[in-house]
Each structure stands twice: as C-alpha cells, then as structure tokens.
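Trainee: Numbering-wise (the numbering used here), the sequence shown opens with residue 699 and increments by one.
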Amino acid sequence: MKTRLFAAVAASILLISNAAPAAGALKTAVFAGGCFWSAEHDIEHTKGVTSVVVGYAGGERKNPTYENHEGHLEAIKVTYDPAVISYPQLVDAFFHHIDPTDAGGQICDRGPSYRTAVFAADAGEKTAAEQVKTQVGAELRLPIKTMILGPTTFWMGEGYHQHYADKNPAAYMAYRVGCGRDRTLRAVWAKPPGGSATGR
Numbered sequence: 699m700k701t702r703l704f705a706a707v708a709a710s711i712l713l714i715s716n717a718a719p720a721a722g723a724l725k726t727a728v729f730a731g732g733c734f735w736s737a738e739h740d741i742e743h744t745k746g747v748t749s750v751v752v753g754y755a756g757g758e759r760k761n762p763t764y765e766n767h768e769g770h771l772e773a774i775k776v777t778y779d780p781a782v783i784s785y786p787q788l789v790d791a792f793f794h795h796i797d798p799t800d801a802g803g804q805i806c807d808r809g810p811s812y813r814t815a816v817f818a819a820d821a822g823e824k825t826a827a828e829q830v831k832t833q834v835g836a837e838l839r840l841p842i843k844t845m846i847l848g849p850t851t852f853w854m855g856e857g858y859h860q861h862y863a864d865k866n867p868a869a870y871m872a873y874r875v876g877c878g879r880d881r882t883l884r885a886v887w888a889k890p891p892g893g894s895a896t897g898r
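(1) Can at least three beta-carbon pairs, one atom from the region 787–805 and one from the region 762–771, be found at a separation below 8 Å?
(2) Considering only residues of the same chain and omitting the five flanking positions on each side of Pro762, which have a CB-CB separation below 7 Å?
(3) Below 8 Å, how does it come out for the region 841–855 and the region 793–805: are there three or more Cβ pairs, yes or no?
(4) With a threshold of 8 Å on Cβ separation, who are the neighbours of Gln829 within its own chain once the five nearest residues in sequence on each side are excluded?
(5) Do you know how far the Cα of Ala827 is from the Cα of His819?
(6) Which two residues bound the contiguous alpha helix (DSSP H) that contains Ile741?
(7) Mind checking Val782: buried by the 16 CB within 10 Å criterion, or exposed?
(8) Beta-carbon separation of Gly876 and Asp807 under 8 Å?
(9) Give the C-beta separation of Thr814 and Val728 to the nearest angstrom, bearing in mind that I take them to be a contact with Cβ-Cβ under 8 Å.
(10) Among Val752, Asn766 and His859, which has the Cα closest to the Cα of Glu758?
(11) Just to confirm, are Thr832 and Val776 a CB contact at a threshold of 8 Å?
(12) Can you give the Cα-Cα distance for Asp880 and Arg874, rounded to whole angstroms?
(13) If we ignore side chains and look at the alpha-carbon of each, how far apart do Lys865 and Val751 end up?
(14) Which partner residues does Tyr941 have in the DSSP bridge list?
(15) To the nearest angstrom, report how far apart Lys745 and Thr882 are at their CA atoms.
(16) State the CB to CB distance for the pair Ile741 and Ile774, rounded to an integer number of angstroms; the pair is presumed to be in contact (CB under 8 Å).
(17) Grouping DSSP H, G and I as helix and E and B as strand, with all else coil, what is Gln804?
(18) For the alpha helix (DSSP H) that contains Leu883, what are its first and last residues?
(19) Compare the Cα-Cα distances from Ala888 to each of Leu847, His794 and Pro780 and report the closest residue.
(20) Exposed or buried, what is Ala723 when buried is set at 16 or more other beta-carbons lying within 10 Å of its beta-carbon?
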C-alpha cells in the first residue's frame, strides 16, 4: 500500500515539475523603435523574448490603422520571461537596436510616428527605464532623445505587418539595406575614441 502511495505521489510531483509555467509568469513591454518591421525583427531574437507583435501606441485615436494612425507611434509589444531577462535588461537591449540620439524618426524613416519611446507600465518600470536611458547617454556621450512615457493602449497592427521580415525576406532586406539601418547603427554604437566597445 505504501509503495503504491509513494509511486502515486512521485508521479504527481513529476507531472507538476514538468508542467508549463503558471499563467502570468510572462510579462509584456511596449516600445516604439521607428519602423515596426525592424523593431520587431531586431529584438525578437533576444534571449528571454518569447514573442513580438507590431502595432500602434501613444496616441488618442481609437482603432488606428496603417493608413490612419496620426498621433500614434509605430510600436511593438514584446512578451518576455522575467526569469530569463529582467525589464532593465530588455530596455537596454531595445536601446541597442535603435539610434536613441535621433529625435525626428529612425534612419530613413522620418516624422512623428517613427520617434522612439519606452512605454513604462508603472512607476517602477519608468524609474528603471530612466536609469537605462541615463546609462546609454553616458555610454554614447550624447543627448538621448528616446522618450520614456507612461502606460499606453497598444493597438494591434494589421496581419500583413506581423513578422513582415520573416514572411517577405527579400523585400524587407531591400528596404533595410536601402535605408542604411545596419550601417547607421554600427556607427552609433561604435567604440568611441578612448572608450570601451558598446556594440551588442
């Protein structure tokens, strides 16, 4: 009897240990990094990131669309595992995939909807994001123009924009190369004279 009971308990423990993480274990963060195709493409391979979707954030207009999202920024919603990557680490990774010194857009994409921002969900995240921004400023030795903003409603983008780089690799790479994104980011994050390497 005791042997059967022990076996049942052991089996239950094994099932529990192999179960998926409890609901709510993952967290989300919203960023605006210029062209949302590139923002999604660049951060989705970060360790601890489980999924990324593109859309619009920061504006007052409800149900924005690609053709009509005035007031909103092109944005991404990142789902991540905080047991693998902390929020400050995620914010730091985001900064290193953009030109945070550019106040008027990103690379060849100009205008208000392409400005960069971190949307903090609460006071703790805002403090953490501000600290990362300060560190980035010291690292680059330049004024940082990326905005640290409060909570926002994230509006999901159209299906054809989701994972655009993966679904349309030739078209996306033609855009990326033509825009000069990689060349610009290498220059932004290059080793400064007498400084330490900053690239990721």
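Positions of the beta carbon are idealized from the N, C-alpha and C atoms, including for glycine.
Mentor: A quick look at the data gives this:
(1) no
(2) If you number the sequence shown from 1, residue 762 lands on position 64. Taken in chain order, the residues that qualify are Tyr754, His770 and Trp853.
(3) yes
(4) Taking the sequence shown and counting its residues from 1, the one referred to as residue 829 is at position 131. Within the same chain, Gln829 has close Cβ partners Pro786.
(5) The residue given as residue 819 occupies position 121 in the sequence shown. The residue given as residue 827 occupies position 129 in the sequence shown. At residue 819 the sequence reads Ala, which differs from the His that was named. When rounded, the distance between both Cα atoms is 11 Å.
(6) Locating residue 741 in the sequence shown gives position 43, counting from the first residue. Run containing Ile741: Phe734 to Ile741, per the alpha helix (DSSP H) assignment.
(7) Here residue 782 is taken as the residue at index 84 of the sequence shown, counted from 1. With fewer than 16 other Cβ atoms within 10 Å, it is exposed.
(8) Along the sequence shown, one-based indexing puts residue 876 at 178. Along the sequence shown, one-based indexing puts residue 807 at 109. Contact flag unset, no.
(9) Your numbering for residue 814 matches position 116 in the sequence shown. Your numbering for residue 728 matches position 30 in the sequence shown. Not confirmed; about 12 Å, so no contact.
(10) Looking up residue 758 in the sequence shown gives position 60. Minimum Cα distance to Glu758 is reached at Asn766.
(11) Position 134 of the sequence shown, counting from 1, holds the residue named residue 832. Position 78 of the sequence shown, counting from 1, holds the residue named residue 776. Against a cut-off of 8 Å, the Cβ pair of Val776 and Thr832 comes out as no contact.
(12) Within the sequence shown, numbered from 1, the residue matching residue 880 stands at position 182. Within the sequence shown, numbered from 1, the residue matching residue 874 stands at position 176. Going by the C-alpha atoms only, they are around 8 Å apart.
(13) Here residue 865 refers to the residue found at position 167 of the sequence shown. Here residue 751 refers to the residue found at position 53 of the sequence shown. Taking the straight line from one Cα to the other gives about 14 Å.
(14) Residue 941 is absent from the structure shown; the chain starts at 699 and stops at 898.
(15) In the sequence shown, residue 745 corresponds to position 47, counting from 1. In the sequence shown, residue 882 corresponds to position 184, counting from 1. C-alpha separation (whole angstroms): 24 Å.
(16) Mapped onto the sequence shown, residue 741 falls at position 43. Mapped onto the sequence shown, residue 774 falls at position 76. Between Ile774 and Ile741 the Cβ distance is about 7 Å, and since that is below 8 Å, they are a contact.
(17) The residue given as residue 804 occupies position 106 in the sequence shown. Here Gln804 sits in strand by DSSP.
(18) Position 185 of the sequence shown holds residue 883. Taken as a continuous stretch (DSSP letters only), the alpha helix (DSSP H) holding Leu883 covers Arg879 to Val886.
(19) On the sequence shown, residue 888 is found 190 positions in, with the first residue counted as 1. Ala888 has its Cα closest to that of His794, out of Leu847, His794 and Pro780.
(20) As a first step, residue 723 is located in the sequence shown; it is residue number 25 there, counting from the start. The residue in question, Ala723, is exposed, as its Cβ has fewer than 16 Cβ neighbours within 10 Å.
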